[in-house]
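S.K.: Chains as they are written, first to last, in numbering that gives the first Met the number 0: chain A, 0 to 85; chain B, 0 to 85.
Protein chains: 2
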Amino acid sequence: MTAWQIEIIGLIAAALTTLSFIPQALKIWRSKNASSVSLTMYLVMFIGVLLWLTYGILLDRLAIILANGFTACLQLMIIILKLKHR
Amino acid sequence: MTAWQIEIIGLIAAALTTLSFIPQALKIWRSKNASSVSLTMYLVMFIGVLLWLTYGILLDRLAIILANGFTACLQLMIIILKLKHR
Numbered sequence: 000m001t002a003w004q005i006e007i008i009g010l011i012a013a014a015l016t017t018l019s020f021i022p023q024a025l026k027i028w029r030s031k032n033a034s035s036v037s038l039t040m041y042l043v044m045f046i047g048v049l050l051w052l053t054y055g056i057l058l059d060r061l062a063i064i065l066a067n068g069f070t071a072c073l074q075l076m077i078i079i080l081k082l083k084h085r
Numbered sequence: 000m001t002a003w004q005i006e007i008i009g010l011i012a013a014a015l016t017t018l019s020f021i022p023q024a025l026k027i028w029r030s031k032n033a034s035s036v037s038l039t040m041y042l043v044m045f046i047g048v049l050l051w052l053t054y055g056i057l058l059d060r061l062a063i064i065l066a067n068g069f070t071a072c073l074q075l076m077i078i079i080l081k082l083k084h085r
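(1) For Leu61(A), return the contacting residues in chain B, with the cut-off set at a CB-CB distance below 8 Å.
(2) Considering just the uninterrupted stretch of the alpha helix (DSSP H) at Asn32(B), what are its terminal residues?
(3) Determine the direct distance from the alpha carbon of Trp3(A) to that of Leu82(A), and round the result to whole angstroms.
(4) Pick helix, strand or coil for Thr1(B), following the three-state DSSP scheme.
(5) Is it buried or exposed, Leu50(A), if we count other Cβ atoms within 10 angstroms and call 16 or more buried?
(6) Taking any Cβ of chain B, which residues in the stretch 40-53 of chain A have a Cβ under 7 Å from it, in chain order?
(7) What does the alpha-carbon distance come out to for the pair Ala13(A) and Ala62(B)?
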């Protein structure tokens with residue numbers, strides 16, 4: 000496998016793990032219910048993603064910055080929705 | 000900042016984003032309720048994490064393999080719990 004083919008697998012992986020938060024945000028938004036969603040999970044993961052973002056900025060890697068910046072925004076939305084619809 | 004200090008930020012980030020799934024799994028396990036947890040989110044993310052694992056194996060990067068291997072196991076547990084306690 001060439002280096003580019005491997006990098007494409009990484010890019011698809013990054014897209015899927017980032018976009019996966021959209022259906023969760025929509026589910027809470029529509030149902031106005033987040034009772035079984037763990038706030039602890041999203042708070043811990045949000046801090047982790049902010050650290051990934053810092054890591055990307057320090058290394059100046061655009062892919063890490065974009066993927067984690069977008070993920071952080073989606074997770075912040077889920078945290079706000081969770082606090083609103085406990 | 001030295002390369003090692005940056006790498007430590009990455010390792011803490013990896014630990015937090017991986018371990019964050021544990022409180023969600025425990026919450027469903029204890030409450031026997033996963034009604035507001037999105038199955039679509041976990042299925043899409045699980046495929047993404049398996050691709051990250053493939054990426055790590057192809058590049059022979061132990062940190063990527065370990066973090067995503069462990070994350071995949073935790074997400075599979077959440078998917079099974081979600082299917083059991085819809």
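Glycine is no exception: its CB is placed at the ideal position from the N, C-alpha and C atoms. Values in this document were obtained by computation on a predicted structure and should not be read as measured data.
M.R.: Well, looking at it:
(1) Under the 8 Å cutoff, chain B gives no residues; its nearest Cβ is about 16 Å from Leu61(A).
(2) Careful: Asn32(B) lies outside any alpha helix (DSSP H) and carries neither H nor E.
(3) Each residue's Cα considered, the two are about 42 Å apart.
(4) Here Thr1(B) sits in coil by DSSP.
(5) Looking at its Cβ environment, which holds 16 or more other Cβ atoms inside 10 Å, Leu50(A) is buried.
(6) Result list: Met40, Val43, Met44, Ile46, Gly47, Val48, Leu50, Trp51, Thr53.
(7) Rounded to whole angstroms, Ala13(A) to Ala62(B) spans 16 Å at the Cα level.
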